[in-house]
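Data first, discussion second: the structure below is written as structure tokens.
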Amino acid sequence: MDPSVDRIAQPWGSRTPYGRHEAWPTRVDTHLAQGVEPGDVERWVGSASILHSDGDAMDIAVRDGRMVGVRGRATDRVNHGRLGPKDLFGWQANSSPDRLTRPLIREGGRLVECDWDTAMGRVVARSKDLLDHDGPGSIGFYTSGQLFLEEYYTLAVLARAGIGTNHLDGNTRLCTATAAEALKESFGCDGQPGSYDDIDHADVIALFGHNVAETQPVQWMRVLDRLEGSDPPRLVCVDPRPTPAARKATVHLAPRAGTNVALLNALLHEIIRTGRIDKDFIGAHTVGFDDLAAGVEDCTPEWAAGICDVPADDIRRAAHVIGSAERLMSTVLQGVYQSHQATAAAVQVNNLHLIRGMLGRAGAGVLQMNGQPTAQNTRECGANGDLPGFRNWQNDTHVADLAKVWNVEPERIPHYAPPTHAMQMFRYAEQGSIRMLWISGTNPAVSLPELARIRSILAQDRLFVVVQDLFLTETAQLADVVLPAATWGEKTGTLTNADRTVHLSEKAVEPPGQARRDLDIFLDYAARMDFRDKDGGPLVTWHDPESAFEAWKRCSAGRPCDYTGLTYDRLREGTGIQWPCDERSPQGTERLYTDGISWADPQACESYGKDLVTGAANEAADYRAANPEGSAMLKPCAYLPPHEAPDEDHPFQLTTGRTIYHFHTRTKTGRAPQLASAAPEVWVEASTADAARLGFHEGDLMEVATSRGALRARLRVTDIRPGLLFVPFHYGYWDTAGGHGPGAGAPGRAANETTVTDWDPVSKQPLFKTAAAALRLVERGSGEAAPAPTTTASAPADPAGVPGTAGGEAALVSQTDAPTGSERGGNSR
Ligand SMILES: Nc1nc2c(c(=O)[nH]1)N[C@H]1C(S)=C(S)[C@@H](COP(=O)(O)OP(=O)(O)OC[C@H]3O[C@@H](n4cnc5c(=O)[nH]c(N)nc54)[C@H](O)[C@@H]3O)O[C@H]1N2
Ligand SMILES: Nc1nc2c(c(=O)[nH]1)N[C@H]1C(S)=C(S)[C@@H](COP(=O)(O)OP(=O)(O)OC[C@H]3O[C@@H](n4cnc5c(=O)[nH]c(N)nc54)[C@H](O)[C@@H]3O)O[C@H]1N2
Ligand SMILES: [Mo]
């Protein structure tokens, strides 16, 4: 192990190989600001990463009241000390001079600074006025997957039982709505079956639309370490781009975008045809096998090959690898979720596991991944368009139970219809029925599809927009009131990662200026609105993070996501803990469904399911008839083509996504110098074949246009599948060079200028991965390479003349087998 590595040039650091069923060795990654030595650190404060869903545990180094670095936590189950590039460098954004330090209100068209009383006074006055004249349905809340559990729970209580609105959702709708929905469709309830530890035991790892190396770099380090150890796993990777995982795969399938269901149906077909199914498991734990088998009967590899444009033999090889696995681990993410048949496809991955009995054992697990660090909490707490604690809005017993927890009448909690999803909330705002939209911890003016439309919705006079953020984002610039928030490292709270591991993230430093933690903003609003329970007492009875956590525990009691066995103190003991954690499993629960399907019972389930084609919700009676015993449900679905196909004017498919160095709209990573300079500007990827055919070269300035809009970007020629373009969605108008604003007539650079207002009918997750686009040369390049990384899926097909991505001195990270420096500190006290 090298003691020190440039982690921009080598994002995954050095290898610590290990064999199957062995423990993953520890490697402690530490990065301190230049000039700071380990001995200079005064305190290490326990936390976990907030820049993806992995939950990498870390300690924040503090000196003189300032953050001066981070160190991975050796004792934590998730990362065994490792950190990814964003974890290592992203914290620097906290002390950016661009932080909002005072509330702002719009006066005469301009945002001007004011005090908290004035800003909150406006929000409360508008809320009361709207409640009096237009009713609770005129107020909507659009929140995040990046706040803490305590904050979402407080927001869910005040929105659902305080205001009484059905319009509360998170940007999790864009992110993991399909994960939740696919779990509900197959298992009756949300809750991730698998565990990251499955990587240690699996002999086959299958990745469906998941660029794990870039988006969960620490789990990729774990896979890389296994690939270099004894008895390595075989990888199956389904992704149209040459991702790092694709390059290491035994079988890489690069399908036409939007054809996942066809491919999965062919895999199911082959596995059933060759008899590689677990009849005992199917008989004991599932319903619907005959329907599934009939549904895929005609889905031969040849049939799918024609749709997906991958060789039939490769599909057979993939089916053989998956079909012969002893312990299969699969992950699913945005290449599946942000597509027109998102839930239908994700459910087929569950089906693969169910018919092969690959569930509830070490190494045999499915991870319907999350993306955002706290998306799981948004879902649990009911801030995402579900009721808290995975309660079923169609089940009156569940609603009554929740009403009891909140001490309100059941009628107080809207449950006349499914909670409104985000895309619908923006539609209501466009039509004028939603008159106030409170946006916290998300930047829709860059992240939602069809930005011209989103800007015009947010800019309307009749819509009162509140934005709660760290920076004056593209969205905040359109607000009527801007509330400056404290963030990670400046506030305490819990967060739960994609494998149900709960971490405590503690306050390390003071927030800048008058910025306040999100919890305090919501508590202040609840107090000013004077929300009451049915006995006239205050509706919100807690006052700080820990008391909010205790309140949440009561709400989670007896539910699948039971937190009752957790306390802040237990979470300070050196490792995160997986829910459910209660009296029966005080150490937490590594895997769900080790002992049958626990939450699919008609009385217990979170959802009665939906039609996978139309999204129409089933009734309780339908569910009971189809699944009286509460088994896992095998649901087939026929393939449907993407809604938008390439044509003469728009001959390419366009997909969008991420790079390892940036997080979303770059509000944090764009302000961390090492990350910003690793990927400073937008680019567009096209294949070698397309570039040669059209005479385009690396570095040429291109226009990418769809019927919604256009952007300009430099060309990177890669091994992406021919016919497909890729644009990272990280680049809004905000510019590290200080530039702002759409600018009259200037060509945009945000990917979402081009995306469509359309969503999966079941999960309502918008489509970001398939559009039809034109690619046009604007200006020849000067011979300089595109500003795209060379270390990732964006690597140039021909590296000649393209300088390698590197971070130099400033990006050096120490790698040791145990924590160095002063006391162990942080959560590992
Ligand atoms: N570095 C970094 N890490 C992150 C984030 C970040 O912004 N930056 N964000 C976090 C969040 S919130 C999320 S949701 C996750 C997202 O993590 P991922 O889902 O891994 O990331 P994406 O780049 O959105 O998409 C993954 C892959 O889908 C492929 N794809 C596109 N179309 C199709 C298709 O039709 N079929 C298949 N099978 N694949 C397709 C793309 O080529 C891409 O490689 O990452 C999390 N981690
Ligand atoms: N074209 C395209 N579009 C996409 C995607 C794609 O793949 N392609 N992916 C989608 C997905 S999966 C996601 S998750 C979304 C992400 O989209 P967004 O959530 O809109 O993106 P972020 O940049 O993460 O925005 C988070 C905002 O919260 C602020 N913030 C951070 N911490 C805190 C805090 O503690 N408190 C408060 N109040 N604010 C805070 C940040 O400054 C930032 O402005 O984008 C979606 N949009
Ligand atoms: Mo996401």
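For the sequence shown, the residue numbers in the UniProt record's numbering are 1 to 829. Using N, Cα and C, we set each Cβ at its ideal position, and we do this for glycine too.
Practice item. Could you tell me the boundaries of the beta strand (DSSP E) in which A713 lies? Key: Residues A710 to T718.
Review point. Fully enclosed by the UniProt region "Disordered" (781 to 829), which beta strand (DSSP E) runs are 3 residues long or longer?
Key: Correct list: 812 to 816.
**Study point:** Backbone CA spacing between E345 and A179 [nearest angstrom]
**Key:** Checking the displayed sequence, the identity of residue 345 turns out to be Ala instead of Glu. Computed Cα separation, rounded: 11 Å.
Point to revise | Length of the line joining the Cα atoms of D798 and F289 | key: Cα to Cα, the separation comes out at about 48 Å.
Point to revise | Local conformation of Q376 per DSSP, three classes | key: Helix.
Check your understanding: Excluding the five sequence neighbours on either side, which residues of its own chain have a C-beta within less than 8 Å of the C-beta of A818, listed in chain order?
Key -> Annotation for A818: T26, V28 and A74 place their beta carbon closer than 8 Å to its own, counting only its chain and skipping 5 residues before and after.
Practice item. Answer yes if the stretch 402 to 415 comes into contact with the stretch 517 to 529, meaning at least three C-beta pairs across the two stretches below 8 Å, and no otherwise. Key: The stretch 517 to 529 vs the stretch 402 to 415: no contact.
Exercise for review: Measure the alpha-carbon distance for D56 versus C561 and round it to whole angstroms.
Suggested key: Roughly 21 Å separates the two Cα atoms.
**Study point:** Any alpha helix (DSSP H) of 4 or more consecutive residues that is wholly inside the UniProt domain "4Fe-4S Mo/W bis-MGD-type" (42 to 98)
**Key:** Counting whole runs of 4 or more residues, the UniProt domain "4Fe-4S Mo/W bis-MGD-type" (42 to 98) contains the alpha helix (DSSP H) stretches 85 to 89.
**Study point:** Start-end ranges of the beta strand (DSSP E) lying completely within the stretch 211 to 247, minimum 3 residues
**Key:** Correct list: 234 to 238.
Practice item. Just mark Y416 as buried or exposed, buried being the case when its beta carbon has 16 or more other beta carbons within 10 Å. Key: With fewer than 16 Cβ atoms within 10 Å of its Cβ, Y416 is classed as exposed.
Check your understanding: Whose C-beta lies closer than 6 Å to the C-beta of S556 among residues of the same chain, with five residues either side of it excluded?
Key -> G389, D562 and Y563, listed in sequence order.
Check your understanding: Hey, would you say L263 sits closer than 7 Å to A304, going by beta carbons?
Key -> Closer than 7 Å, so yes.
Review point. Where does H31 sit, in a helix, a strand or coil, going by DSSP?
Key: In the structure shown, H31 sits in a strand (DSSP, three-state: E or B).
Exercise for review: Could you name the residues of the same chain whose beta carbon sits closer than 7 Å to that of A672, not counting the 5 residues immediately before and after it, in chain order?
Suggested key: Within the same chain, A672 has close Cβ partners F89, G90, Q92 and A93.
Practice item. Tell me, please, which residues DSSP counts as bridged to T494. Key: For T494, which the question treats as bridged, DSSP gives the partners L504.
Point to revise | Proximity of H662 and A679 at Cβ, strictly below 7 Å | key: Yes, Cβ-Cβ distance for H662 and A679 is below 7 Å.
Exercise for review: Output the boundary residues of the alpha helix (DSSP H) element that contains V613.
Suggested key: From DSSP, V613 is part of no alpha helix (DSSP H); its letter is neither H nor E.
Check your understanding: Going by C-alpha distance, which of T820, E703 and T343 is nearest residue 830?
Key -> Only positions 1 to 829 of the chain appear in the structure, and residue 830 is not among them; the question remains open.
Exercise for review: Taking all protein chains shown into account, decide if P766 is buried (16 or more other Cβ within 10 angstroms of its Cβ) or exposed.
Suggested key: The residue in question, P766, is buried, as its Cβ has 16 or more Cβ neighbours within 10 Å.
Check your understanding: Do G162 and P136 come within 7 Å of each other at the CB atom, strictly closer than that value?
Key -> In terms of Cβ geometry, P136 and G162 do not form a close pair [threshold 7 Å].
Exercise for review: Below 6 Å CB to CB, which residues in the same chain sit around R500 once its five sequence neighbours on both sides are set aside?
Suggested key: Cβ within range, chain order: Q192, Q578 and W579.
Practice item. Run the proximity test for D386: is its beta-carbon closer than 6 Å to any non-hydrogen atom belonging to ligand 4? Key: Of the ligands this structure carries, namely ligand 1, ligand 2 and ligand 3, none is ligand 4.
Practice item. Indicate whether the contact test is met: 3 or more Cβ pairs, each with one atom in the stretch 627 to 636 and one in the stretch 648 to 662, closer than 8 Å. Key: Judged by Cβ distances under 8 Å, the stretch 627 to 636 makes no contact with the stretch 648 to 662, as fewer than three pairs qualify.
Review point. Which residues have a Cβ closer than 6 Å to any heavy atom of ligand 3, listed in chain order?
Key: Chain-ordered list of matching residues: C175, G371 and Q372.
**Study point:** the stretch 292 to 302 contacting the stretch 263 to 275, beta-carbon criterion three pairs below 8 Å
**Key:** Segments in contact, yes.
**Study point:** Beta bridge counterpart(s) of Q653 as assigned by DSSP
**Key:** Paired residue(s): L724 and A772.
Exercise for review: Tell me whether Q368 counts as near ligand 1, meaning its Cβ is closer than 6 Å to at least one heavy atom of that ligand.
Suggested key: No, the beta carbon of Q368 sits no closer than 6 Å to any heavy atom of ligand 1.
Exercise for review: Within the same chain, show all residues whose beta-carbon is closer than 8 Å to that of P14, passing over the 5 residues directly before and after it, in chain order.
Suggested key: Looking at the sequence itself, residue 14 is Ser, so the reference to Pro does not match. Counting only Cβ-Cβ distances below 8 Å, and skipping sequence neighbours, we find M1, D2, V5, R27 and Q815.
Review point. Which residues share a DSSP beta bridge with Q368?
Key: V332.
Review point. Measuring CA to CA, which of A246, D239 and P602 is closest to Q334?
Key: When the alpha-carbon of Q334 is set against those of A246, D239 and P602, the nearest one is in D239.
Exercise for review: Let me know the secondary structure DSSP gives M529 once reduced to three states.
Suggested key: DSSP places M529 within a helical segment (H, G or I) once states are collapsed to three.
Review point. Would you report the Cα separation of V287 and R316, rounded to the nearest angstrom?
Key: Rounded to whole angstroms, V287 to R316 spans 26 Å at the Cα level.
Point to revise | Neighbourhood of E380 by C-beta, 6 Å cutoff - its chain only, sequence neighbours within 5 removed | key: Around E380: C561.
Check your understanding: First and last residue of the alpha helix (DSSP H) that includes H662?
Key -> Counting along the chain, H662 falls outside any alpha helix (DSSP H), and DSSP gives it neither H nor E.
Review point. By DSSP, does F208 sit in helix, in strand, or in coil?
Key: F208: strand per DSSP, three-state reduction.
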